[in-house]
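From first to last, the protein sequence lines stand for chains F and V.
Just so you know, we're using the working numbering here: the first sequence kicks off at 1 and counts up by one.
Just so you know, we're using the working numbering here: the second sequence kicks off at 482 and counts up by one.
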Amino acid sequence: MAREDYEVVIGLEVHCELSTKTKIFCSCSTEFGGEPNTHCCPICMAMPGTLPVLNEKVVEYAVKAGLATNCSIEKNSKNDRKNYFYPDNPKSYQISQYDKPLCYDGYVTIETEEGEKKIRIERIHIEEDAGKLNHDEYGRGSFVDLNRAGVPLIEVVSKPDLRSAKEAESYMRKLKSIFEYIEISDCKMEQGSLRADVNVSVRKKGSKEFGTRTEMKNMNSFRNIVRAIEYETERQIDEIENGNEIMQESLRWDEISGRTFPMRDKEDADDYRYFPEPDLVSIKLSDEYINKIKNELPELPESRRKRYIDDYNLTEKAANFVTSSKYYSNLFEEAVEICKNPKTVGNLIMSDIARILNEREEEPDSLKFTGKELGELVTLIDKGTISSSIAKKVLEELFNEVKMPSKIIEEKGWVQISDENAIKEVVEKVLDANPQSVSDYKAGKDKALGFLVGQAMKETKGKANPQMLNKLFLEELKKGE
Amino acid sequence: MQLYEYTVHELIEKLEKGETSSEEITKDYFKRIKEIDPKVKAYISTLEESALEKARKIDEKRKSGETLSKFAGIPIGIKDNMCIEGTKTTCSSKMLENFVAPYNATVIEKLNDEDVVYLGKLNMDEFAMGSSTERSAFFITHNPWDLDRVPGGSSGGSAAAVAADMAPWALGSDTGGSIRQPSSLCGVVGLKPTYGLVSRYGLVAFASSLDQIGPITKDVTDSAMLLNLIAGHDEKDSTSMDLEKKDYTKALVNDVKGMRIGIPKEYVGEGINEEVKNAILEVAKKYEELGAVVEDCSFDVGQYATSVYYIIADAEASSNLGRFDGIRYGYRSEKYDNLKDIYRNSRSEGFGPEVKRRIMVGTYVLSSGYYDAYYKKAQKVRTVIKDAYNKLFEKYDLLLTPTSPTTAFKIGEKTENPLEMYLADICTVPVNIGGLPGMSIPCALDSNGMPIGFQLIAKPFAEENIFRAAYTYEQNTNFRENKPSFKGGNS
């Protein structure tokens with residue numbers, strides 16, 4: 001059978017660390033990093049006799065996540081224990097939720113080549129993160145760091161609705177964007193605060209039954225998610241084509257070799273012996289509580305997108321792009337407030353800012369400058385103080401050091417030359433130096449004008465007002481006719 | 482009369498009158514402990530130095546006219562499964578033999594606020610699993626009334642220490658009878674408060690939905706006073722109830738007229754020793770004489786309580802004891818090459834046979850494929866039992882039963898047969914399943930001179946009903962005139 005006859009089915013379990021100040025069951029800090037075992041207390045170290053107390057903020061954040069992803073909210077929820085032994089799991093059970101997750105039956109919409117697609121969310125539940133094991137590079141053993149133990153997480157489980165690595169990426173980006181908008185997580189994938197277990201199976205197109213799935217654990221970059229899904233899809237098709245069966249197993253993605261490997265030995269069929277956590281009481285939520293959170297939700301990307309198209313006349317493409325991240329969207333709104341030029345702000349974000357981020361391999365959350373700088377930059381363009389090519393250079397500078405653009409151009413001497421006499425001088429100089437181009441132009445080669453303007457720009461280090469240059473060149477060239 | 486013979490409320494009076502000092506009392510207790518404990522073996526560790534230092538400080542403060550709690554300088558013994566910061570908390574297990582608690586249990590914080598003095602930590606069945614204190618990994622505690630007999634358990638050290646005047650009062654914990662049954666076997670007063678009345682924070686968990694800390698005292702007045710000190714909502718324990726604070730000593734009224742007391746016939750029938758049964762019926766008669774309305778009733782679902790108990794308690798225990806993995810604290814085997822060996826060998830060597838049995842049963846009943854048949858079913862029956870109690874308490878203020886089906890049995894008599902040992906709790910276990918308060922009050926001696934206790938059970942948070950009836954009984958009888966003989970102990 002040909003590869004095109006297969007389709008891949010993907011489901012994601014996305015883990016997102018919530019940005020509450022304190023841990024889920026004690027008052028320790030959730031701050032990332034810190035010397036090992038310094039954000040710990042008897043409770044999160046599982047000292048004998050300690051008890052958990054549920055941080056109410058965690059419930060609030062999870063309900064926010066549920067409402068922002070069109071979930072129903074469980075009004076009578078509870079915590080359960082998931083029992084397993086591992087040194088990063090100090091109680092030997094993780095307090096999670098089993099059969100009554102806080103949120104269920106939601107969806108998010110992603111853009112695909114075939115248009116919008118709804119990806120269903122099965123459930124969102126709250127649980128505690130585990131600690132970390134640091135393996136000594138000299139083989140002196142493993143060290144347990146419990147700083148992360150008890151940091152609150154939500155786990156967002158999708159239905160197996162994704163049909164390509166690209167869709168999986170879009171879905172994950174969408175969740176990240178939503179969680180950033182509603183400010184429940186910093187979603188820093190490089191710090192592990194957003195990560196996913198990726199379930200992949202393949203089947204013949206048109207088949208109603210799912211193939212056997214494998215699960216790749218703890219994927220924490222978009223790039224790896226895409227690569228791993230693509231690799232795993234190919235591997236599974238190969239296995240089937242070679243007449244082998246797919247084993248249901250957990251895999252580890254190795255980003256260096258670009259391959260997946262089985263994670264644990266198969267004799268350990270996991271039985272987590274879930275049962276209701278007797279140290280905590282049930283989580284009862286009133287309609288009033290849920291409605292209050294609903295009313296306090298910040299404006300979500302969908303609504304902003306509409307508004308940008310309707311009120312700011314942005315193109316659909318620009319509106320989609322700008323609202324894809326809270327950081328872009330906030331930057332956009334702040335800048336427009338200052339310069340009143342949504343079109344240019346949108347274009348700068350979509351083209352130049354996105355390009356520079358991409359070159360630097362950074363995400364929008366790492367932007368250091370704000371709408372204040374961007375707004376002034378656009379104002380400077382609009383006033384003719386700088387050209388758009390200078391504007392690009394100012395942007396590059398802003399990535400290195402946050403300063404007001406007016407200050408940057410002053411320091412760098414990048415102010416646009418709009419003095420007609422000064423420009424005329426340059427124009428004359430360029431015309432004298434390029435007689436061939438002048439005659440080319442006169443012979444009907446319009447391109448020659450572009451060359452001349454370019455030369456003048458070079459002469460002025462890009463500072464000449466381009467409209468003025470054009471105008472004066474045309475005037476001069478006409479003179480001789 | 483020696484100082485150690487007094488109740489706490491008597492000691493308080495003497496302190497207030499200036500007839501004695503905290504140091505004198507404390508010294509007297511340590512003298513008594515040195516004399517008696519080699520025979521009884523109630524204490525795992527004593528805290529003589531810090532106790533005397535604190536007692537002296539309290540005396541100085543009292544002399545200088547500082548306002549102090551009336552309990553300041555009163556000694557107390559603590560079951561060794563409650564954390565006192567900086568002292569060993571062993572749970573009578575090899576697993577925690579050298580574990581020093583890094584924090585205080587909430588009950589200890591509350592007692593610290595009253596400036597009490599800690600005599601030491603008391604022996605128990607390992608992780609509170611047992612009914613005889615023979616399951617301590619360290620040594621067996623002996624019943625002061627007959628050293629060849631068990632003191633009951635799991636709070637056997639606490640009950641024996643109070644009975645033997647080695648502590649004026651003590652804290653125990655009760656998951657299925659662990660306060661009441663040893664109190665009954667040792668002839669002292671033991672109260673298991675309503676689940677949620679006393680914070681469990683800092684009590685090393687056995688079964689989270691059943692465990693409660695409670696007082697073991699010489700008389701009912703002391704019980705009410707100690708409950709006053711430890712009861713109350715704790716924000717560190719989500720299962721502790723936020724209720725208005727009560728003064729239980731106000732319930733110490735010598736009057737039961739009009740109180741309605743039910744005697745479930747199932748607990749004065751088969752499986753209950755004749756002498757125990759007769760003693761309970763005598764108690765019933767006494768209450769009638771004193772003006773209570775005593776009636777027979779039925780609590781037939783109680784027969785399922787022991788099964789329900791051993792499923793739920795063991796399920797929770799199997800999970801609660803997972804943290805003893807040899808990684809962060811506690812016992813770690815010296816024999817290991819890999820992680821699995823650390824777990825397997827540390828837990829195999831660190832836990833005793835009864836604890837292992839419970840972990841295995843608990844793991845089994847939670848396993849996929851068995852969960853519905855055992856754990857889930859047990860939870861359903863638990864609801865049925867609670868409903869049955871609710872019905873009974875529509876009619877009665879109190880239920881009256883024996884605390885234990887027998888008096889103290891001989892050391893070694895039941896250790897080979899765990900199921901028989903489990904039956905020692907048939908009268909007390911249903912009360913934990915229902916989350917109710919229950920108290921054991923001594924009422925008689927059997928033909929061997931061993932104490933018999935009766936149990937009063939009330940609806941949730943109605944401890945005052947128990948105090949009133951127990952106090953009235955005590956005021957109109959004279960069990961306290963009996964003293965343990967410390968006989969036997971030569972075998």
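Virtual Cβ for every residue (Gly too), placed ideally from N, Cα, C.
- With 16 or more other Cβ atoms inside 10 Å of its own Cβ, P663/V counts as buried.
- Flagged as an interface residue toward chain V: V281/F, by a C-beta distance shorter than 7 Å.
- C-alpha of L762/V to C-alpha of C924/V: approximately 11 Å in a straight line.
- For the region 78-103 of chain F, the full-length beta strand (DSSP E) segments reaching 3 residues or more read 80-83, 93-96 along the chain.
- The beta carbon of V685/V falls within 7 Å of a beta carbon belonging to chain F, placing the residue at that interface.
- Contact check for L603/V against K535/V fails: the beta carbons are separated by 7 Å or more.
- Per the Cβ contact rule, the region 448-461 of chain F is in contact with the region 413-433 of chain F (3 or more Cβ pairs under 8 Å).
- Taking D279/F as the centre and dropping the five residues before and after it, the same chain places the C-beta of L51, P52 closer than 7 Å to its C-beta, in chain order.
- Under the three-state reduction of DSSP, V157/F is assigned to strand.
- Sequence-distant partners of S250/F (beyond 5 residues in either direction) whose C-beta falls short of 7 Å from its own C-beta, in its chain, are E215, K217, M263, R264.
- Shortest Cα-Cα distance from T909/V to any of G919/V, M902/V, N957/V, L900/V involves G919/V.
- A straight line joining the alpha-carbon of V598/V with that of K508/V spans about 11 Å.
- Inter-segment contact for the region 106-125 of chain F and the region 82-92 of chain F is absent: fewer than three beta-carbon pairs are separated by less than 8 Å.
- Proximity of D561/V to chain F, defined by a Cβ-Cβ separation below 7 Å, is not satisfied.
- For G831/V, the closest Cβ of chain F is not nearer than 7 Å.
- The alpha-carbon separation between I290/F and Q97/F amounts to approximately 19 Å.
- By the criterion of a C-beta distance shorter than 6 Å, D878/V is surrounded in its chain by M740, R741, N946, once the five residues flanking it on both sides are discounted.
- A direct Cα-Cα distance of roughly 5 Å separates F275/F from D80/F.
- Between F960/V and L133/F, the alpha-carbon positions lie close to 60 Å from each other.
- Residue environment for Y748/V: buried (at least 16 other C-beta atoms within 10 angstroms of its C-beta).
- K78/F places its beta carbon less than 7 Å from that of S282/F.
- By alpha-carbon distance to F25/F, the top candidate from D718/V, I589/V, K498/V is D718/V.
- Of all residues in the region 91-125 of chain F, those with a C-beta nearer than 8 Å to a C-beta of chain V are K91, S92, Y93, reading in chain order.
- If you look at N759/V, you'll find it in the alpha helix (DSSP H) that goes 755-770.
- A direct Cα-to-Cα measurement between D254/F and T260/F gives close to 6 Å.
- Only those residues of the region 248-277 of chain F whose C-beta falls short of 7 Å from the nearest C-beta of chain V are listed: D271, R273, F275.
- Non-local C-beta neighbours of L285/F in its own chain, meaning closer than 6 Å and more than five positions away in sequence, comprise K75, ordered along the chain.
- One finds nothing in chain V with a Cβ atom closer than 9 Å to the Cβ of F143/F; even the nearest lies about 11 Å away.
- When C-beta distances to chain V are compared with 8 Å, the residues of the region 47-70 of chain F below that value are M47, P48, G49, T50, L51, P52, V53, L54, in chain order.
- Contact between the region 823-843 of chain V and the region 877-894 of chain V is absent: fewer than 3 CB-CB pairs across the two stretches fall below 8 Å.
- Judged by beta-carbon spacing, R305/F lies within the 7 Å limit of A319/F, meaning their Cβ atoms are closer than that value.
- With fewer than three CB-CB distances shorter than 8 Å, the region 636-646 of chain V does not count as touching the region 772-789 of chain V.
- About 6 Å separates the beta carbon of K591/V from that of I711/V, a gap short enough to meet the 8 Å contact definition.
- Residue contact with chain V for P364/F: absent (no Cβ-Cβ distance below 7 Å to any residue of chain V).
- For D718/V, at least one C-beta of chain F is nearer than 7 Å to its own C-beta.
- Rounded to the nearest whole angstrom, the CA to CA distance from E155/F to G131/F is 17 Å.
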